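Under the numbering used here, the letters of the sequence shown match residues 1421 to 2489, in that order.
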Amino acid sequence: KKRMLTLANVKRSLNKTEWAEELDMNKPCPMVEDPAMTFPFELDNFQKQAIYALENGFNVFVAAHTSAGKTVVAEYAIAMAQRNSSRSVYTSPVKALSNQKYNDFRHTFANVGLITGDIQINESADCLIMTTEILRSMLYNSSDKIRNLEFVIFDEVHYINDPERGHVWEEVLILLPSEVQIVMLSATVPNVIEFATWVGRTQQRKVHVCTTQHRPVPLQHYLYVGGGGVKERRYLVKDGDGPFLREKYFELNNLKKEEEIKQKQAKRKQIDKLRNMERKKQMDMAKKTGAPAENIKCPEYSELLSTYKANREKTFWREFINYLESNDWMPTVVFAFSRKTCDMLADLLSSVDLTTKTDKMHISSFFRRQIDKLDEIDRNLPQIVKMEGHLKNGIGVHHSGILPILKEIVEVLFQQGKVKMLFATETFAMGVNMPARTVVFNSIKKFDGNQLRLLLPSEYIQMAGRAGRRGKDSAGNVVIVTPPECLQKLEDLENMMLGTPCHLQSQFKLTYRMILNTLSSPGKITVQTIMARSYCENHSQLKHSQYKMDLLTVKQALDKAEQTVKEKLNDEEAKLLSNFFDKAFAYIKVYRKMRETILGHHRILKEINPGRLVRVSKGPHINQIGVVIDVISQVDVSQSVYRIMIPKVEDKFLDIYRPKHSIGDEEWREHWYRMLSWVPQLAVHTAKVNLFEDETKMISAKLYDIVEVFKTTLSLSATQIANILRDVDRSYLMKGRVKYSEDSFQLASKLSTACSKTLSVIDENGLRFNMDVTLKMEEMYQYKEDLDIARTCIFSMDKNEFLEKFDALFHWKQMQIQCEQLTYNLSDESMTLYPDYINKLAFLRERNFISQSDTVLMKGLMAARVGKYELVVSELLMENVLLELGPEEVAALLSVLVCQSKVGTSDTNKLEVNDFHQPAPTVAEEKVVVKPEDKVFNRDEDMHKNLPDSLNNAIVRVKAILKDLHDMEMMHNISDTDGSEGHKLSFDLVPIMYSWAKQQPFKEVMKVAQDYQEGLLVRYIQQLLEALKEVETAAKVMGDPAVPEKINQAGEKIKRGIVFAPSLYTTID
């Protein structure tokens, strides 16, 4: 039996750099003497290697699949800190994960604390669990809570790719003191060594990388097609680490057309049946009521189609659940990329019962115990009543629209095995270890905010990794639901299952808060240092050592070149030639760009085709006239290759144009020949009147090399061109000893005749232009005029004398420019974000956040204490916008800080709070009919008209602040994405938060918040409390206690009821 080659047994070379080293996971690991912690099971080798690296003082990066056991390494680091009487911090991307980890760790370690935006438990503990944003604030504020810090664990460090929050991870990794050991836990990523090298160099401590592709429980990937007469319901397309099984895919693909026909027939039959049933129903009703038969109307086709699809969906899921049960594939997590889809599917299966009587009793008892902790008025909210019914049947729903306490109840019951089928969005895949036997994808497409696309390999792997329970299942099942008629393309499935996960990429942002915090703490770290240490500057910073060595070499060459110029040129000659070089070099910078802009126009490109006569400057072939023989086109027209036949010039005549000094760089060689093409006394080679076929030469040129395009075109057929090209190739291979075709002879004759009869379509400087580039051409005119003046000044110099002296000066100038470039590369100005930094400094000075000497002023000190929209907060505080408002109005107004404006569709504010994608509509969703009373009313008119005048006036003032800030940012060339982002803010939550702050019951507030699900609204209120605390801290800088006290009261008004019910993970044992 042949052994199957899998990813797991492919041996590969290990990577190693100065600051990072990938450890060999197949190599036995030495035992740790006196371990800080032991485990009741045998550790995998990657866990042993990581622990050994920690004990030896290295930073550690662990990259492994979901459920591989990365948390073991985190626990060991915490145990080391407690053994050493020091502190450790565990960071997670979201608050829910922090709560779950707190519950886990407090059962393992003696002294554990939790700090989130609204919860502080045991803040002086040796092990603190928090989000990455909170750790960043502590680092900026030099908090006592992180004194004596020895370890920081970053869970889900691949979250650094998140466009909105990824920059926080970079900031923290830069700000952490070098004496702190770092543990990074991540899903598998392709550029782990590159990232680890950056962390190691930034922290000046080597990183040991432990990667493993091993899964404790292998996965089997299936395509499930359902019933409907299909012989086989599931098709195994990938087994464990093996390849994609194409034969199974093709077997299913063969059913596609047959199933499409069957489904069309079934659809027509069912719709006819539904129509007849509805008609009969109406006729029976008419008989009872005595209504005339002519009033009976057939239902619209769209209504019948929606009913048909909903019935089909219901039938499918019932059959699928029976299939899962019969194969003992439960518990199951079904991933759907829409909250609405999750709810709809759970409602669709409300009559399905998956639990025993014992299960029901346990579920009911546990559910009631937790719900009874709520205020009585909140215990019977519609979502709570519905969820209880679902859970008793063994069905759960988990997404951001679900109340936090319900999500936690679902999680606990799922871990206990009482929830048999869980409908969840993508966020569930990022939770604590809650594996299932089976993971189902309702769809493999998601809306990412811009487009509906297939899942990325990393997204699929993360969710699929929830399948397979270690110690319980021999294999985990991953099922993609796909009716045959909806089968995805083979290459799409292969790429999703086998493709490379996303690289870790920098999302670094130069925020105002970072600038102000850094400027207000002189002597600690500069903004320039933070920028230089950022991951986005990693590649350029790695080159600094080479730049420094190159700079020393170039400076030595510069000194020698300067001495040569002094020896060969007098002052006047040096001045004239230097002026010519400077003007020519300045012109070259725009010359290439403008040349491609003009000649790159489609009408001009059409002219440069086989047979066209052109003037070309390529290498020592300066200003040669030739004919285009062949064009090898590229998408980027500047890279298209033109094969041009020119009169052959003997090498002895070309040698005088070749530089005497070694230029080295190809770009500088081009500069040399291009400058020579503009020297008046270097006449164009005059071609013979009658050329023989062996007196021509073929050169390959780019668009940039074509100096002039003539009206003259030589007639060349495709056969003639083929013969000429064949002669050229044969001549090259046989070193000229070849009998040329008649076509080559005729071409040579025509070329010699045409050389003396040329009329330009485009003159030498490409000044026949399209109107679209008129403004750019004006810039080119000025440079050309300066160059022409410089050319006339050197006209009197002898040709050979010029070449000798210009060669020396060119080399000197080249060394000068290279020296300047290397110096620039080593400077702060070369950093990508440096222009943005300068613009923001200018903006902050003009708005009086900092002085002209960059001292942080009061407004800047306030902004430095706010995590997001810091400029908006500072401005509204300085303008006393809150002064005349009551606490309830303050809470309502500041809700603008947690509500982003809608983009594109009216459903945008229904996006996942921690998930930035929109759902793809499913069959079940199409049945939803929006009732008139459910329509969202006009917020600006209807919702705000019931607000106090003082609050509406404050809204007007804040809008003016937002516009003012945005306009001034635009004046300072600060883009929307890099600025205060005030344009994203929305006032949609103001009436809702006002009702909540006025002590309205949550059930009543939900009537106002018709556009938000319960869980989303709770999250917004929690975020508002966090924002209020930051604004209160900022307001204290002003010295007047009235405003901070009012903000504090606003926080107290909203901190109540179900919104701030304690997490189960902090209360249950």
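We put the CB at the ideal spot given by N, CA and C, even for glycine. All of these numbers come straight from a predicted model, not from anything done at the bench.
- Counted as a single uninterrupted DSSP element, the stretch harbouring C1762 is not any beta strand (DSSP E) but the alpha helix (DSSP H) occupying residues 1759 to 1768.
- Distances from the alpha-carbon of L2437 to those of R1788, M2458, V2410, E2070 put V2410 closest.
- Excluding five sequence positions before and after V2310, the CB atoms of its chain that fall closer than 7 Å to its own CB belong to L2302, K2466, I2467, A2470, given in chain order.
- Out of A2380, K2427, D2431, K2473, the CA that lies nearest to the CA of E2308 is found in K2473.
- In the structure shown, the three-state DSSP call for F2130 is strand.
- Taking C-beta atoms under 8 Å as the contact rule, V2316 and L2405 qualify, at a distance of about 5 Å.
- Within its own chain, the residues whose Cβ lies closer than 7 Å to the Cβ of A2312, once the five positions on either side in sequence are excluded, are L2371, V2410, M2413, Y2414, A2417, listed in chain order.
- When DSSP states are grouped into helix, strand and coil, D2163 belongs to the helix group.
- Between the alpha carbons of E1987 and H2081 lies a distance of about 16 Å.
- DSSP lists no beta-bridge partner residue for S1433.
- Secondary structure note for M2235: its alpha helix (DSSP H) is the uninterrupted segment 2219 to 2245.
- Counting along the chain, F1466 sits inside no beta strand (DSSP E); it lies in the alpha helix (DSSP H) bounded by residues 1465 to 1475.
- One thing to note: A1844 has its Cβ within 8 Å of the Cβ of V1753.
- In the three-state scheme derived from DSSP, where H, G and I count as helix and E and B as strand, D1546 is classed as coil.
- Counting C-beta pairs closer than 8 Å gives fewer than three between the stretch 1610 to 1623 and the stretch 1634 to 1642, which falls short of the contact rule.
- If only uninterrupted alpha helix (DSSP H) runs of at least 4 residues are considered, those enclosed by the stretch 2387 to 2473 are 2410 to 2417, 2422 to 2428, 2434 to 2455.
- Ranking R2285, D1912, G2477 by CA distance to the CA of E2446 puts R2285 first.
- V2061 and K2038 have their C-alpha atoms roughly 12 Å apart.
- Of the candidates I1791, V1860, D1795, I1791 places its Cα closest to the Cα of K1827.
- For Y1743, the closest C-alpha among the options E1667, M1703, R1654, D1795 is that of R1654.
- Bounds of any alpha helix (DSSP H) do not take in H1578, whose DSSP letter is neither H nor E.
- Counting along the chain, Q1790 sits inside the alpha helix (DSSP H) bounded by residues 1777 to 1791.
- Annotated as proximal: R2063 and D2050, with beta-carbon spacing under 8 Å.
- Under the Cβ criterion (8 Å, minimum of three pairs), the stretch 1780 to 1798 does not count as touching the stretch 1877 to 1897.
- CA-CA distance, F1848 to E1957, rounds to 34 Å.
- In terms of CA proximity to V1898, P1855 leads the group V1532, P1855, N1611.
- L1744 sits in a helix when the DSSP states are folded into three classes.
- Membership of M1604 in the beta strand (DSSP E) is indicated by the continuous run 1601 to 1606.
- Secondary structure at A2004: helix, using DSSP grouped into helix, strand and coil.
- According to DSSP, residue pairing for D2050 in a beta bridge involves R2063.
- C-alpha of Q2236 to C-alpha of K2122: approximately 28 Å in a straight line.
- Residue environment analysis places K2260 among the buried positions, since at least 16 neighbouring C-beta atoms fall within 10 angstroms of its C-beta.
- With contacts defined by Cβ atoms closer than 8 Å, E1576 and L1596 do not form a contacting pair.
- Listed in chain order, the beta strand (DSSP E) runs fully inside the stretch 1805 to 1836 are 1815 to 1818, counting runs of at least 3 residues.
- Between the stretch 2272 to 2292 and the stretch 2421 to 2433 there are fewer than three C-beta pairs closer than 8 Å, too few to call the two in contact.
- Rounded to whole angstroms, E1442 and A1981 show a C-alpha spacing of 46 Å.
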